[in-house]
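**Student:** Residue numbers (the working numbering): 269 to 490.
Quick reminder that beta carbons are idealized off the backbone N, C-alpha and C, glycines included.
Given the structure is predicted, the values throughout are model-derived calculations rather than measurements.
Please read through the structure below; I'll follow up with questions.
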Amino acid sequence: MNSNWIAPSILSADFARLGQEVDQVLKSGADIVHFDVMDNHYVPNLTIGPLVCEALRKHGVTAPIDVHLMIKPVDRIIPDFAKAGASIITFHPEASDHIDRTLQLIKDNGCQCGLVFNPATPLHHLDHVMDKLDMILLMSVNPGFGGQKFIPYVLDKAREVRKRIDASGFSNIRLEIDGGVGPANIREVAEAGVDTFVAGSAVFGAGKDSDPNRYDSIIKSL
Ligand code: DX5
Ligand code: ZN
């Protein structure tokens, strides 16, 4: 069984002071940094790319950076993210024509890899690749924006994936959830078998800008 990880999504951080924001959540106890990449094509929003990942590494961030690609096509940007310091790279199976090839490409570039499932995306894409995966990410909102409401039926999906992980024998695979997670539902999500919790607006919306320890209590409450 993996230990639980809290993964603040920097999508909801103050981008004008991103380095300090990331320092603060890590100092407050976050385990990894969730890095949402959107292309205004696969999802209707546009965010950040390898340059920003590299800037966080240059700033001194040593924690794992969990790159969630919401882009199509996927493959050509993977080597750039690996060079920029990504630790884990996940992508949506619908966005890759060759899922096995994309997973292998991520591994060949020295990163951990995972598949992401939108709320209504079926799980059959897991059938042949469990031995390749380091992470399975379940979206509990439709991707594209922070601050949306948690979709409850994803809890059933989480229980199903937990069973598959346990039955596969690859118990190191992390089960991550992303969207609408906060103090009100995180226990229930954990009981469904999740071990890695993305939280964007719940974390970065906490406290007052002027408080250097503003993220302490929210992260400790998760
Ligand atoms: C949505 C992103 C999420 C998002 C989560 O497409 O993948 O990581 O930032 O934000 P909250 O926690 O606010 O739902
Ligand atoms: Zn995400």
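1) Only counting the same chain, and skipping five residues up and downstream in sequence, which positions put a Cβ closer than 6 angstroms to that of A352?
2) If you measure between the beta carbons of I356 and M403, is that distance less than 8 angstroms?
3) Using a threshold of 7 angstroms, is the CB atom of V471 nearer than that to any non-hydrogen atom of the ligand ZN?
4) Quick one: is A426 buried, meaning 16 or more other Cβ sit within 10 Å of its Cβ, or exposed?
5) Taking the alpha helix (DSSP H) that A426 belongs to, which residues open and close that run?
6) Short of 8 angstroms in beta carbon distance, which residues of its chain neighbour P332, apart from the five on each side in sequence? Order them along the chain.
7) Give me the Cα-Cα distance between V384 and M407, rounded to the nearest whole angstrom.
8) Just verifying my parser: in three-state terms, what is the DSSP assignment at D334?
9) Name all residues in chain order for which at least one heavy atom of the ligand ZN lies closer than 5 angstroms to the residue's CB.
10) Taking buried to mean at least 16 other C-beta atoms within 10 Å of its own C-beta, is N270 buried or exposed?
11) Between which residues of its own chain and V293 is the CB-CB distance below 7 angstroms, once the five residues before and five after are set aside?
12) Write down every uninterrupted run of the alpha helix (DSSP H) in the stretch 281–329 whose length is 4 residues or greater and which is fully enclosed by it, in chain order.
13) Please confirm if the stretch 324–331 is in contact with the stretch 370–380, defined as three or more CB-CB distances below 8 angstroms between the two stretches.
14) Name, in chain order, the residues that DSSP records as bridge partners for D374.
15) Suppose you measure from the CA of H393 to the CA of G287; what does that come to, to the nearest Å?
16) Does the distance between the C-beta of H396 and the nearest non-hydrogen atom of the ligand DX5 fall short of 7 angstroms?
17) Where does P361 sit, in a helix, a strand or coil, going by DSSP?
18) Would you call E289 buried or exposed, if buried means 16 or more other Cβ atoms sit within 10 Å of its Cβ?
19) Would the beta-carbon of T370 fall within 8 angstroms of that of D343?
20) Using a Cβ distance threshold of 8 angstroms, determine whether the stretch 462–469 contacts the stretch 441–453, with at least three qualifying pairs required.
21) Please report the straight-line C-alpha distance between N410 and Q416, rounded to a whole angstrom.
22) Which value, in whole angstroms, describes the spacing of the CA atoms of K400 and G382?
**Tutor:** Once the coordinates are examined:
1) By 1-based counting over the sequence shown, the position of residue 352 is 84. Result list for A352: P318, C321 and E322, in chain order.
2) As a position in the sequence shown, residue 356 is number 88, starting the count at 1. As a position in the sequence shown, residue 403 is number 135, starting the count at 1. For I356 and M403, yes; Cβs fall inside 8 angstroms.
3) The count along the sequence shown starts at 1 and reaches residue 471 at position 203. Flag unset: Cβ of V471 not near the ligand ZN.
4) Residue mapping note: residue 426 aligns to position 158 of the sequence shown, counting from 1. So A426 ends up on the buried side.
5) Here residue 426 corresponds to residue number 158 of the sequence shown, with the count starting at 1. Residues V422 to S436.
6) Within the sequence shown, numbered from 1, the residue matching residue 332 stands at position 64. The answer, listed in chain order, is D299, I300, V301, S355 and I356.
7) Taking the sequence shown and counting its residues from 1, one reaches residue 384 at position 116. Taking the sequence shown and counting its residues from 1, one reaches residue 407 at position 139. If I take the Cα positions, the gap works out to 7 angstroms.
8) Counted from its first residue, the sequence shown places residue 334 at position 66. Correct three-state label for D334: strand.
9) D304, H336 and D446
10) For the purposes of this step, residue 270 is taken as residue 2 along the sequence shown, with counting starting at 1. Looking at its Cβ environment, which holds fewer than 16 other Cβ atoms inside 10 Å, N270 is exposed.
11) Within the sequence shown, numbered from 1, the residue matching residue 293 stands at position 25. Around V293: P276, V471, Y483 and I487.
12) 286–295 and 318–327
13) no
14) Position 106 of the sequence shown, counting from 1, holds the residue named residue 374. It is Ile, not Asp, that sits at residue 374 in the sequence shown. None, per the DSSP bridge assignment.
15) Translated into the one-based positions of the sequence shown, residue 393 becomes position 125. Translated into the one-based positions of the sequence shown, residue 287 becomes position 19. Straight-line Cα distance between these residues: approximately 36 angstroms.
16) On the sequence shown, residue 396 is found 128 positions in, with the first residue counted as 1. Checking every heavy atom of the ligand DX5 against the Cβ of H396, none is found closer than 7 angstroms.
17) On the sequence shown, residue 361 is found 93 positions in, with the first residue counted as 1. Correct three-state label for P361: helix.
18) As a first step, residue 289 is located in the sequence shown; it is residue number 21 there, counting from the start. Flag for E289 reads buried.
19) In the sequence shown, the residue the question calls residue 370 occupies position 102. In the sequence shown, the residue the question calls residue 343 occupies position 75. The answer is yes: Cβ separation under 8 angstroms.
20) yes
21) Position 142 of the sequence shown holds residue 410. Position 148 of the sequence shown holds residue 416. One C-alpha to the other measures close to 8 angstroms.
22) Translated into the one-based positions of the sequence shown, residue 400 becomes position 132. Translated into the one-based positions of the sequence shown, residue 382 becomes position 114. Using only the alpha carbons, I get a separation of about 8 angstroms.
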